[in-house]
Amino acid sequence: MIEVTNIVKKYVTGDIDFTALKGVNLKIQKGEFTSIMGPSGSGKSTFMNILGCLDKMDSGIYMLNGKDVSNLTGNELAAVRNKEIGFVFQAFNLLPRLTILDNVALPMVYAGVPAKERKERAMEALVKVGLGDRVKHKSNEISGGQKQRVAIARAIVNRPNVIMADEPTGNLDTKSTFEIMKIFQDLNDEGSTVVMVTHEPDVAVYTKRIVRFTDGEIITDEAVKDRVRL
Ligand SMILES: Nc1ncnc2c1ncn2[C@@H]1O[C@H](COP(=O)(O)OP(=O)(O)OP(=O)(O)O)[C@@H](O)[C@H]1O
Ligand SMILES: [Mg+2]
Numbered sequence: 009m010i011e012v013t014n015i016v017k018k019y020v021t022g023d024i025d026f027t028a029l030k031g032v033n034l035k036i037q038k039g040e041f042t043s044i045m046g047p048s049g050s051g052k053s054t055f056m057n058i059l060g061c062l063d064k065m066d067s068g069i070y071m072l073n074g075k076d077v078s079n080l081t082g083n084e085l086a087a088v089r090n091k092e093i094g095f096v097f098q099a100f101n102l103l104p105r106l107t108i109l110d111n112v113a114l115p116m117v118y119a120g121v122p123a124k125e126r127k128e129r130a131m132e133a134l135v136k137v138g139l140g141d142r143v144k145h146k147s148n149e150i151s152g153g154q155k156q157r158v159a160i161a162r163a164i165v166n167r168p169n170v171i172m173a174d175e176p177t178g179n180l181d182t183k184s185t186f187e188i189m190k191i192f193q194d195l196n197d198e199g200s201t202v203v204m205v206t207h208e209p210d211v212a213v214y215t216k217r218i219v220r221f222t223d224g225e226i227i228t229d230e231a232v233k234d235r236v237r238l
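Per my numbering, the sequence shown starts with residue 9, numbered consecutively.
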């Protein structure tokens, strides 16, 4: 599903070149559920943004679902992202003045789905995350845990092959964290490949594999023993 080879990413600030990813190699098969861990500043978000086609790398090869996406333009990457990837952010990134239903329907506008089908599919995704009764609320009228569930509904509405999330439970309390991780586990059981960044070992135990970064490199990559199914 995902295969990256020798990914390098540099940030240039004034005269200073900083190499945030120093030649990263990773393969993720369809149906895996992977945590990306590591200290602050180790390159997790940088890596996730490249995997999510939100940012470009300086060199390396990225094969996503059999397609070489290494050298695409910004617009081409956006198209791949819309089709292949559902991305969930720590800060939810919902549009506050739209209803929950319209937030979830939005990616389908870009995908050219007709209005009636947009509404039906948005509703279906919201029911799946347990928010079928809240669809008329504005997204600033619900709790953080509910916002993240809306964001997951938005991420799955185009039926992506991969769900990616950068610290999706970073702003949530324990109860909401359980709810979100259970939704990811259910989606994974139904066949979605899931990749998520987390700081918390307590959260990583719900996934199946842990890849650890330090200073822009992967230092360990291991299966989760005694995985907890919520
Ligand atoms: N836009 C940018 N310009 C310059 N440097 C950046 C930029 N984004 C990230 N960096 C640097 O790259 C390194 C990796 O950052 P990244 O955000 O990927 O870390 P992270 O592992 O996600 O950290 P955290 O756990 O705090 O979210 C850091 O040293 C950071 O300062
Ligand atoms: Mg980060």
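C-beta atoms are modelled at their ideal positions from N, C-alpha and C, and glycine is treated no differently. The structure presented is a predicted model; accordingly, all values stated were derived computationally and were not measured.
State yes or no: is the beta carbon of residue i nearer than 9 angstroms to at least one beta carbon in chain C?
i          : result
residue 67 : Given the protein chain composition of this structure (a single chain), no chain C is represented.
Just to confirm the assignment, what range does the alpha helix (DSSP H) spanning residue i have?
i          : result
residue 84 : 82-92
Work out the CA separation of residue j and residue i for me, nearest whole Å.
i           : j           : result
residue 223 : residue 91  : 31 angstroms
residue 159 : residue 214 : 20 angstroms
residue 37  : residue 228 : 17 angstroms
residue 145 : residue 13  : 44 angstroms
residue 185 : residue 193 : 12 angstroms
residue 328 : residue 136 : This structure does not reach residue 328, given that the chain is present from 9 up to 238, and the question cannot be answered.
residue 208 : residue 67  : 30 angstroms
residue 88  : residue 64  : 13 angstroms
residue 237 : residue 212 : 12 angstroms
residue 153 : residue 180 : 6 angstroms
residue 70  : residue 170 : 14 angstroms
residue 221 : residue 139 : 35 angstroms
residue 20  : residue 218 : 30 angstroms
residue 106 : residue 149 : 11 angstroms
residue 130 : residue 51  : 33 angstroms
residue 57  : residue 167 : 20 angstroms
residue 120 : residue 95  : 19 angstroms
residue 77  : residue 34  : 15 angstroms
residue 163 : residue 41  : 16 angstroms
residue 172 : residue 232 : 19 angstroms
residue 117 : residue 126 : 8 angstroms
Would you kindly report the start and end of the unbroken beta strand (DSSP E) that includes residue i?
i           : result
residue 197 : Unbroken run through residue 197 is the alpha helix (DSSP H), 182-197; no beta strand (DSSP E).
residue 225 : 225-231
residue 45  : 41-45
residue 173 : 170-174
residue 25  : 24-36
residue 71  : 67-72
residue 129 : Element bounds for residue 129: not the beta strand (DSSP E) but the alpha helix (DSSP H), 123-136.
residue 211 : Residue 211 -> not in any beta strand (DSSP E); alpha helix (DSSP H) instead, spanning 209-212.
residue 165 : That residue, residue 165, is in no beta strand (DSSP E); it is neither H nor E in DSSP.
residue 201 : 201-205
What would DSSP say about residue i, mapped onto helix, strand or coil?
i           : result
residue 95  : strand
residue 150 : coil
residue 56  : helix
residue 11  : strand
residue 118 : helix
residue 220 : strand
residue 155 : helix
residue 16  : strand
residue 76  : strand
Please enumerate, following chain order, all residues with a beta carbon closer than 6 angstroms to at least one heavy atom belonging to ligand 1. 19, 21, 26, 28, 46, 48, 49, 50, 51, 52, 53, 54
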